[in-house]
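For reference, each letter of the sequence shown is one residue, going 508 to 806 in the numbering used here.
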Amino acid sequence: KEMALKDSSIIAVTAAMTEGTGLSEFGKYLPERLFDVGIAEEHAVTFAAGAAAEGLRPVVAIYSTFLQRAYDQILIDVCMQNLPVTFCIDRAGIVGADGETHHGVFDISYLISMPNLIFFAPSDRRELEEMLAFAVSFDGPIAIRYPRGSAHQGLREYQAPVEYGRSEIIRKGKKIAVLGVGSMIPSCMEICKGLKDDGYDPTFVNARFVKPLDVDLLDELAKDHSLFVTVEENVKSGGYGEHVSAYMEACHPEIRVLSAAVWDRFVPQGNVESLRSRIGLGVEDIRQAIEDSEELREQ
């Protein structure tokens, strides 16, 4: 809302999710610049593409699970034209009480292959605000994924500004590098604490960018690390971890990559933390997998 009050080119677009995506307040202040097209995600994206082609800066706010309905429009109408449309992907990851159909665990996989698209994964509210400001001033399509619920507040002491294509090192260690994506940053903090308590000295990285990969950082970490651990609330197939693994296999085959992601199955309804444990994303499950991997390596 604050950005739109300063920039008359910014409009908001959604598909029958005005309240759920937090656009109700925007609509109170700027009703003429909020466009709710109803249950028609494909139309929302094509409408935004047309608006962008005419010089506006559309921000499309749609739940992750429903944005996949507009796959073709994102690819052809927005990315192929390299138009400045910002996709705010709400309810990315495990959504808990919203139910089985609402889990947003496929968006990284279905968007990361699209040319011209930049893909952010903020770890907290401050990063989300910075990334949104970056997005509406960028001349190309950008996606920003974030989870359901309140924003994480645990990284206030880390204030490195958002830079294009650059991840953030929260803590530099050696041998093991834990690379967290967006909503999994709090879990990664606990994982790293557990590893330290067990005598390891892990590096902790806030990935920030799903695409492009921060290959400069990966190259640098490869000098003194033997294991990379990626942690994301997305299916493993086509996810961030697979892209890191592909790069490391091509450029640093001596480094092992352990990908912690959603298993290849539909996630049922349930409490977020209990579901993470059931699908392999529990903190203790990941920590144990890391330590088991290191023990096997040393044998």
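We put the CB at the ideal spot given by N, CA and C, even for glycine.
In this text, all values refer to a predicted model and were calculated from it rather than measured experimentally.
Nearest to residue i (by Cα), restricted to the options the options
i      : options                           : result
Pro709 : Val717, Lys700 and Arg655         : Lys700
Ile601 : Ala558, Cys586, Leu788 and Val585 : Leu788
Leu624 : Phe773, Asp614 and Cys586         : Cys586
Gly672 : Phe773, Arg715 and Ala558         : Arg715
Phe711 : Pro591, Thr572, Leu720 and Lys682 : Lys682
Glu740 : Glu780, Leu563 and Val722         : Glu780
Asn713 : Ala628, Asp646, Gly745 and Gly557 : Ala628
Glu756 : Val769, Ser733 and Pro775         : Ser733
Ala768 : Ile619, Phe613 and Ser800         : Phe613
Tyr747 : Val688, Arg763 and Trp770         : Val688
Gly706 : Val736, Phe641, Glu798 and Glu791 : Glu798
Tyr617 : Ala650, Glu761 and Ile676         : Ala650
Leu725 : Gln588, Thr593 and Ser752         : Ser752
Ala667 : Pro622, His550, Arg633 and Ala642 : Arg633
Glu526 : Arg564, Asp723 and Arg655         : Arg655
Val790 : Met696, Ser800, Pro760 and Gly745 : Met696
Cys758 : Pro622, Val643 and Asp723         : Asp723
Residue i Cβ short of 7 angstroms to the ligand FAD heavy atom set
i      : result
Phe773 : Ligands are entirely absent from the displayed structure, and the ligand FAD is therefore not among its contents.
For residue j and residue i, the rounded distance between their alpha carbons
i      : j      : result
Gly611 : Met524 : 15 angstroms
Lys703 : Ile517 : 46 angstroms
Phe533 : Glu539 : 10 angstroms
Ser766 : Phe735 : 8 angstroms
Lys513 : Glu675 : 29 angstroms
Ala560 : Gly680 : 46 angstroms
Thr737 : Arg785 : 18 angstroms
Val566 : Trp770 : 31 angstroms
Pro775 : Ser571 : 16 angstroms
Val544 : Pro693 : 35 angstroms
Asn778 : Ala604 : 7 angstroms
Leu590 : Asp646 : 7 angstroms
Local conformation of residue i per DSSP, three classes
i      : result
Ala753 : helix
Ala796 : helix
Pro629 : coil
Arg678 : strand
Glu526 : coil
Phe773 : coil
Glu483 : Missing from the structure shown is residue 483; the chain here goes from 508 to 806 and no further.
Tyr747 : helix
Pro538 : helix
Asp731 : coil
Val552 : helix
Ser644 : coil
Tyr653 : coil
Ile692 : helix
Gln806 : Legend: pLDDT at Gln806 = 40, less than 50; position of this residue unreliable, value from coordinates given subsequently. Of the three classes helix, strand and coil, the one that applies to Gln806 here is coil, per DSSP.
Ile581 : helix
Ile518 : strand
Lys700 : helix
Cβ separation of residue i and residue j, assumed to be a contact under 8 angstroms, to the nearest whole Å
i      : j      : result
Arg783 : Ile698 : Arg783 to Ile698, Cβ: 12 angstroms. No contact.
Leu720 : Tyr754 : 6 angstroms
Ile619 : His750 : 7 angstroms
Val520 : Phe554 : 6 angstroms
Leu537 : Ala511 : 6 angstroms
Ile615 : Val717 : 6 angstroms
For residue i, the residue or residues it bridges with in DSSP
i      : result
Gly600 : Gly611
Pro591 : Answer is none; Pro591 lacks a bridge partner.
Asn713 : Glu675 and Gly687
Tyr570 : Asp597
Val736 : Val685 and Leu765
Val565 : The question names Val, but residue 565 in the sequence shown is Pro. The partner list for Pro565 (beta bridge, DSSP) reads Ile518.
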